[in-house]
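Just below is one structure, and these are the notes that go with it.
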Amino acid sequence: MSEGDQQIKQAIEWLEADSARKKRALFREEVETVAAALELTIPQQTELYEALLDKQIYDDDCEELEGDISSDSLGDAIPNVEELNLHGKVNSSLRKLLEHKVLSAQEEQILGQKIDLGKDAFSDGSNALEKKIYNEASQAREGFITCNLRLVWKYAVYYSEISTIDAEDLFQEGILGLVKAVEKFDYKRNLKFSTYAVWWIRQSITRSIINNGATIRLPVYVHNNVSQLKKAKKLLLADNPLEKPSYERLADELNWNLDKTIFISQISALETSSLSDFEEWQLDSISSLSLKDYNQSILEHKSELSWVQSVVDQLDPRTKDVIYRRFDLHDRGLEETLEMIGQDYDITRERIRQIEAKGLEKLRKKFIDIGINADNFYDRFDR
């Protein structure tokens, strides 16, 4: 018996047991969950469904699971992707589009399965099942996009208030990033989609700002804070060239609270990455960064940190601990030195450096596997 036949046999056994336990025919979503878990191909799924129909434990006419997202339930709620990705101003239906509810973790899993199952299917497939799987995958992609438009709009508004590009235009660019996130998202990793999508949305929006030669509008006091931060970094690096100043050390040097230090650091990073492409800083702008913007920046930091932690958590315990402490993934504002960590493990600082280097290389590969640009990796783990 081939490996493929064994997978089908395993699926049938699981589903037969499930049907017997529930004393009813199985719903399509229940069959799809098993098919996804065993990574069955389209031909294998066709054979599986035929076998289940013969055994009368699956019925094409069974209603969908209550509460699940099906193709029919998404139907009218999901506009065509091309309708969303308009050039210029967003159409008048924007408010309605932004009212769609955020997906639950279970709904993300269901849609993710449909997309994964449809990767090998074609719209002009050789059988009805293949066409059905293809159409459901397309619906699932559009479901992810529609239900996450509010996330795109939030970042579009935020970046529009510190740039010369309208929120509506940045919204269009952010949608491109959202589409890319849907294409790259792997539901099997059990990561929350919105946290993953933020990387792509921000990248798409900030690249648009840079590529269009836009200017950054910052009030004078924020620009002065950025200058103070840079001076403090130079002083601390001069005192200890081998260690990157932590948020905590910078806050102490500047007599700022930790949240303000993180916020100004992010503004400084944006300046560093894009100033060469900008013609000027508009320091006389009457606009200012409100408390809402300030809080948004802190939330953005925490969202990104949570996602990075979920990737680092896949490393072995010692390597994970070293990376967490070296790069302050506990978010305590303190990046520990090689010597501090080495003392806890009773090994040399050079050995800790080797563990860190190997761990970072593993992380770099994981980032690339997930679909995160290598530049974003070095932004987070650069020394």
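For what it's worth, full-length UniProt numbering labels the leading residue of the sequence shown as 1, then goes sequentially.
By construction, the Cβ of each residue, glycine as well, lies at the ideal position given by its N, Cα and C atoms.
In DSSP terms, what residue i is bridged to
| i | result |
| --- | --- |
| TYR58 | LEU26 |
| SER138 | Paired residue(s): none; SER138 is not in a bridge. |
Coil, strand or helix - residue i by DSSP
| i | result |
| --- | --- |
| GLU13 | helix |
| THR33 | helix |
| ASP316 | coil |
| ILE267 | helix |
| LYS101 | coil |
| LEU363 | helix |
| GLU243 | coil |
| GLN6 | helix |
| GLU50 | helix |
| ASP328 | coil |
| LEU38 | coil |
| THR348 | coil |
| ASP68 | Caution is warranted here: a pLDDT of 41 is assigned to ASP68, below 50, making its placement in the model unreliable, and the coordinate value is therefore given only provisionally. Residue state, collapsed to three classes: coil. |
| GLY257 | Checking the sequence shown, residue 257 turns out to be Asn, not Gly. It is coil, neither helix nor strand. |
| ASN224 | helix |
Straight-line gap, residue i to residue j (C-alpha atoms, nearest Å)
| i | j | result |
| --- | --- | --- |
| GLU161 | ILE210 | 15 Å |
| SER194 | ASN212 | 26 Å |
| SER138 | ALA128 | 15 Å |
| GLU83 | ASP252 | Here the model assigns GLU83 a pLDDT of 43, short of 50, so the residue's position is not dependable, and the following value carries that caveat. Taking the straight line from one Cα to the other gives about 51 Å. |
| GLU50 | GLN7 | 15 Å |
| LYS9 | SER2 | 11 Å |
| LEU48 | ILE12 | 7 Å |
| LEU170 | LYS366 | 29 Å |
| THR337 | ASN225 | 27 Å |
| GLU39 | LEU111 | 15 Å |
N-terminal and C-terminal residue of the alpha helix (DSSP H) that residue i is part of
| i | result |
| --- | --- |
| TRP200 | 193-211 |
| PHE171 | 167-184 |
| GLU107 | 105-117 |
| ARG332 | Premise fails: ARG332 is in no alpha helix (DSSP H) and is neither H nor E. |
| GLU253 | 247-254 |
| TYR187 | Where TYR187 is concerned, there is no enclosing alpha helix (DSSP H), given that its DSSP letter is neither H nor E. |
| LEU338 | 338-345 |
Sub-9 Å separation of residue i and residue j beta-carbons
| i | j | result |
| --- | --- | --- |
| LEU254 | LEU229 | yes |
| HIS100 | ARG150 | yes |
| ASN148 | ALA105 | no |
| TRP153 | ALA181 | no |
| LYS114 | GLU130 | no |
| VAL308 | GLU356 | no |
| GLU108 | LYS244 | no |
| ARG28 | TYR58 | yes |
| LEU15 | GLU30 | yes |
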